[in-house]
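Heads up, the thing below is written out as structure tokens.
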Amino acid sequence: INGRDHHGNSPLFWAAAKGRVDVVKLLLEEDHVDPNLQDSFGRTPLSAAAKNKHTNVVKLLLENGRTNPNFQNKSGWTPLFYDIKNGHDIVVKLLLQRDNIDLNLQDTHGRTPIFQA
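Residue numbers for the sequence shown follow full-length UniProt numbering, beginning at 1 and rising by one.
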């Protein structure tokens, strides 16, 4: 279930990126599914769902308790970076409601998510 394709994407990553709530929910029911697996670019299922504005998938991933919203891709971006930059206000609000969101993480250029606002 944690297998990966040639880009390092897991089934959960693809389901999240495509907004497949049903598949994401099914996969998250499996304890051994890792919701934080990063692909070869450092992206996680949460960052893929957030970037593509799949709000319901973002909710599922955040509610499962195992998803870390602070994983950074190779450019240092977290899901919050994507959504602030792209004006995805609903997803930004979901992420900011998390106790464990780190607003001080910097990308490779030293910018924080707030700098993107």
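Where is the CB? At the ideal position from N, CA and C, for every residue including glycine.
Residue i versus residue j: straight-line alpha-carbon distance, rounded
{"i": "Asn36", "j": "Asp89", "result": "23 Å"}
{"i": "Leu62", "j": "Asp99", "result": "11 Å"}
{"i": "Leu46", "j": "Val92", "result": "12 Å"}
{"i": "residue 135", "j": "Asp31", "result": "Only positions 1 to 117 of the chain appear in this structure, which leaves residue 135 out of reach."}
{"i": "Ile1", "j": "Leu60", "result": "18 Å"}
Among the options, nearest to residue i - alpha-carbon criterion
{"i": "Asn56", "options": "Val23, Pro113, Thr112", "result": "Val23"}
{"i": "Thr78", "options": "Leu95, Leu60, His7", "result": "Leu95"}
{"i": "Arg43", "options": "Phe71, His6, Thr108", "result": "Phe71"}
{"i": "Ala17", "options": "Val33, Thr112, Val58", "result": "Val58"}
{"i": "Gly110", "options": "Asn68, Ile1, Leu80, Gly76", "result": "Gly76"}
{"i": "Asn73", "options": "Gly87, Arg66, Asp39, Asp5", "result": "Asp39"}
{"i": "Gly65", "options": "Val21, Glu29, His6, His7", "result": "Glu29"}
Simplified DSSP state of residue i, which is helix, strand or coil
{"i": "Val33", "result": "coil"}
{"i": "Phe13", "result": "helix"}
{"i": "Lys25", "result": "helix"}
{"i": "Asp83", "result": "helix"}
Counted within 10 angstroms of its Cβ, other Cβ atoms place residue i as buried (16 or more) or exposed
{"i": "Leu12", "result": "buried"}
{"i": "Leu103", "result": "exposed"}
{"i": "Phe41", "result": "exposed"}
Cβ-based neighbour list, residue i, same chain, cut-off 6 Å, excluding 5 preceding and 5 following
{"i": "Lys51", "result": "Tyr82"}
{"i": "Gly8", "result": "Asp39, Ser40"}
{"i": "Ala48", "result": "Phe13, Ala16, Ala17"}
Spatial neighbours of residue i in its chain, beta-carbon cut-off 8 Å, leaving aside the 5 residues before and after
{"i": "Ala117", "result": "Ile84"}
{"i": "residue 124", "result": "The question about residue 124 has no answer here: the residues shown for the chain are numbered 1 through 117."}
Closer than 7 Å: residue i CB and nearest the ligand ATP heavy atom
{"i": "Leu37", "result": "Here there are no bound small molecules, and the ligand ATP is not part of this structure."}
7 Å CB neighbourhood of residue i in its chain, flanking five on each side removed
{"i": "Asp107", "result": "Ser75, Gly76, Trp77, Phe81"}
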